[in-house]
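Protein chains in written order, with my numbering: chain A, 1 to 345; chain B, 1 to 345. Where is the CB? At the ideal position from N, CA and C, for every residue including glycine.
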């Protein structure tokens, strides 16, 4: 991948897409790229270098959960919609998240010892403080990826495979998942474009246009086999019914999906990635902030949802604080804001 | 300020200075600008748009603490070196930080009710969890700026002025501070380039070259009146003696100054700003990441310190983890790194 040898040059073309103001000045600015694509791969809009492969990170957890549902493993183990939602989650590590992950593992006959994601303090600040207040320390169940990993253990179990080592690229579970991402996005996942994710599983780089197409397919089922179409519909319904399970109270994905319901499926990933499906419009969206800033990805994806989401005026008004969030000081006085600019203005 | 009307255009020139890798690929990249200047204002090195005014945020707390020391207020109230260090701090909100801020206020005859910075949970994750574990909630004393604000109350008190409203731009305390920043940097602080900081005080934009010059003066005392020269030396000594007071254990400024001692004075600010003084080399440094990322500012300033700090080989080796920090997953396996690039390679 010669173009990655000079990433500065490749990134040069990406426009400023989000500004951060304070007082009269622009204090900081984010560059980025993005794509809006339909399920046939027709490109509706791009900005920046939308062909550049980026690590989607947690933004594609739904695609990673697809084999669990499509294979029938979720049904055979009797996973609930909430448990399927947790398999797609970067959760806040609250008590309900932890209990749900534990229950998933139990259905497969395992416990948290089977998780290979590592432990960290809950992503949610309230959840982290609640855990500290209780005098306990975090386990792998508190890891924001524990639902995804519990899903991997469930899939492994249903496949009749020992889950041990399920984070390795050549474990049967990861092979299934890689195939699912390739089928949904149309991209080839290559070893040359692979890293290790925060939770230890392989991270493959995928072009933004391909990610957007994958989300268009996820949102519509268009072009998928009947089994896969049924599986994506079940995942969408599970997430729409459990937006707090997928992230947590006060977090972007949860609040956006609580506002918009089944009209949108959103998943953010680390390092400034976000993907979304707009089932009614038949579109998939994918964005990446060059610098990895989550706040920029949120503004980008909210701006695209406003533009392509066919929203009524009232919903659009309620979306405004996500498209252009207000920045406050510790006395809760407004001091600035984020706003989409350039191709997203 | 016409050039701020098209910030995207102005920022266009700034080079990629920090790359974030994962596996074989560059996952994210940060652009930025910086300046290395001596106390006479001679520019030793710049990269990017170093003339663009940026909000220095907390990076100039030492300049904001200068009137407290230079006026003799600190001596009259009997402030210790640790208390002077806390006046320059963005602290982690630990018990010692809180107790020190409380003691400063008491010396001026006030308590935390006088603080106008607002309350927030401790910046330090360990400190926040310790507070949660204790069952308490944060007060203004836990605000990372509480030492600076306690210093403002002390200065006000020593000036014979009611501290109430000390965060307002036209309060005598803020007028003193504005004059101090102007004198040290040589920049004019204008109302047209003003915002409100997170802790409610005015934030004035200052060109990076001027910030770097101010830090060269802070580091050397060169060109300052004897009183001011004595004051900057006292501030440097106070911070060098109390690096944990100025930030907190595990935080960049504290760890860098613990490593380098009085050879460097570093202060980071929000939105990707960092300033440093290298007294022996007679230089001041100032950097700003376009996107506001603190991790990028840290790598930039560490790279400049390595280049201009006249360090012996052993110290340079110990600096390496700050110049190019390793990124780990939750299992503590290395997955990537940050590294300076372009003009900082």
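Endpoints, the beta strand (DSSP E) within which residue i is located
i: residue 267 of chain B; result: 265-269
i: residue 38 of chain A; result: 25-38
i: residue 283 of chain B; result: 283-289
i: residue 45 of chain B; result: 43-47
i: residue 326 of chain A; result: 326-328
Helix, strand or coil at residue i according to DSSP, with G and I counted as helix
i: residue 343 of chain A; result: helix
i: residue 53 of chain A; result: strand
i: residue 19 of chain B; result: strand
i: residue 7 of chain B; result: Interpretation of residue 7 of chain B is limited by its pLDDT of 44, a score under 50 that renders its predicted location unreliable; the figure taken from the coordinates is listed afterwards. Looking at residue 7 of chain B - three-state DSSP - the assignment turns out to be helix.
i: residue 333 of chain B; result: coil
i: residue 251 of chain A; result: coil
i: residue 275 of chain B; result: strand
i: residue 338 of chain A; result: strand
i: residue 2 of chain B; result: Residue placement at residue 2 of chain B is flagged as unreliable, the pLDDT there being 28, under the threshold of 50; the coordinate-derived value follows with that caveat. Residue state, collapsed to three classes: helix.
i: residue 321 of chain B; result: helix
i: residue 211 of chain B; result: helix
i: residue 161 of chain B; result: coil
i: residue 105 of chain A; result: helix
i: residue 75 of chain A; result: helix
i: residue 14 of chain A; result: coil
i: residue 119 of chain B; result: coil
i: residue 93 of chain A; result: coil
Sub-8 Å separation of residue i and residue j beta-carbons
i: residue 198 of chain A; j: residue 28 of chain B; result: no
i: residue 146 of chain A; j: residue 101 of chain A; result: yes
i: residue 275 of chain B; j: residue 39 of chain B; result: no
i: residue 256 of chain A; j: residue 264 of chain A; result: yes
i: residue 57 of chain B; j: residue 270 of chain B; result: yes
i: residue 114 of chain A; j: residue 173 of chain A; result: no
i: residue 18 of chain A; j: residue 296 of chain A; result: yes
i: residue 193 of chain A; j: residue 63 of chain A; result: no
i: residue 189 of chain B; j: residue 67 of chain B; result: no
First through last residue of the alpha helix (DSSP H) which encompasses residue i
i: residue 205 of chain B; result: Residue 205 of chain B -> no alpha helix (DSSP H), and no H or E assigned at all.
i: residue 127 of chain A; result: 125-133
i: residue 194 of chain B; result: Note, residue 194 of chain B: premise wrong, no alpha helix (DSSP H); beta strand (DSSP E) at 194-196.
i: residue 155 of chain A; result: 146-158
i: residue 294 of chain B; result: 294-308
i: residue 232 of chain A; result: 226-241
i: residue 69 of chain A; result: 61-70
i: residue 167 of chain B; result: No alpha helix (DSSP H) holds residue 167 of chain B; DSSP gives it neither H nor E.
i: residue 87 of chain B; result: 81-87
Top-ranked residue by Cα proximity to residue i, from the options
i: residue 127 of chain A; options: A:284, A:251, A:210, A:227; result: A:251
i: residue 231 of chain A; options: A:329, A:241, A:219; result: A:219
i: residue 341 of chain B; options: B:300, B:239, B:331; result: B:300
i: residue 125 of chain A; options: A:158, A:93, A:179, A:51; result: A:93
i: residue 311 of chain A; options: A:345, A:260, A:267; result: A:260
i: residue 292 of chain A; options: B:14, B:31, B:24, B:160; result: B:31
i: residue 181 of chain B; options: B:75, B:213, B:196; result: B:213
i: residue 26 of chain A; options: B:17, B:287, B:205; result: B:205
i: residue 69 of chain A; options: A:99, A:56, A:138, A:159; result: A:159
i: residue 207 of chain B; options: B:33, B:258, B:77, B:73; result: B:33
i: residue 151 of chain B; options: B:134, B:228, B:191, B:235; result: B:235
i: residue 228 of chain B; options: B:243, B:201, B:72, B:121; result: B:72
i: residue 318 of chain B; options: B:258, B:120, B:338, B:285; result: B:258
i: residue 74 of chain A; options: A:98, A:97, A:157, A:178; result: A:157
i: residue 262 of chain B; options: B:297, B:309, B:222, B:298; result: B:309
i: residue 104 of chain B; options: B:141, B:215, B:130, B:122; result: B:141
i: residue 243 of chain B; options: B:55, B:143, B:88, B:54; result: B:88
i: residue 303 of chain A; options: A:280, A:330, A:338; result: A:338
i: residue 179 of chain B; options: B:163, B:164, B:202; result: B:202
Closer than 7 Å at the beta carbon, the chain E residues around residue i
i: residue 117 of chain A; result: In the displayed structure, chain E is absent; the protein chains listed are A and B.
May I ask you to list, following chain order, the residues of the stretch 189-212 of chain A that have a beta carbon less than 8 Å from some beta carbon of chain B?
192, 193, 194, 195, 196, 197, 198, 199, 200, 203, 205
Contact list for the stretch 286-319 of chain A against chain B, Cβ threshold 7 Å
290, 291, 292, 293
In the stretch 146-166 of chain A, which residues sit with their C-beta less than 9 Å from some C-beta in chain B, listed in chain order?
none
Under 8 Å, CB to CB, which of the residues in the stretch 86-99 of chain B have a partner in chain A?
none
Which residues, in chain order, does the stretch 117-134 of chain A contribute to contact with chain B at a C-beta distance below 9 Å?
117, 118, 119, 120, 121, 125, 128, 129, 130, 131, 132, 133, 134
Give the residues from the stretch 237-268 of chain B that approach chain A closer than 9 Å (Cβ to any Cβ), ordered along the chain.
none
Listed from N- to C-terminal order along the chain, which residues in the stretch 22-40 of chain A have their beta-carbon within a distance smaller than 9 Å of any beta-carbon of chain B?
22, 23, 24, 25, 26, 27, 28, 29, 30, 31
Using a Cβ cut-off of 7 Å, which residues of the stretch 103-115 of chain B contact any Cβ in chain A, in chain order?
none
Could you run through the stretch 170-187 of chain A and flag, in chain order, every residue whose CB is less than 8 Å away from some CB of chain B?
none
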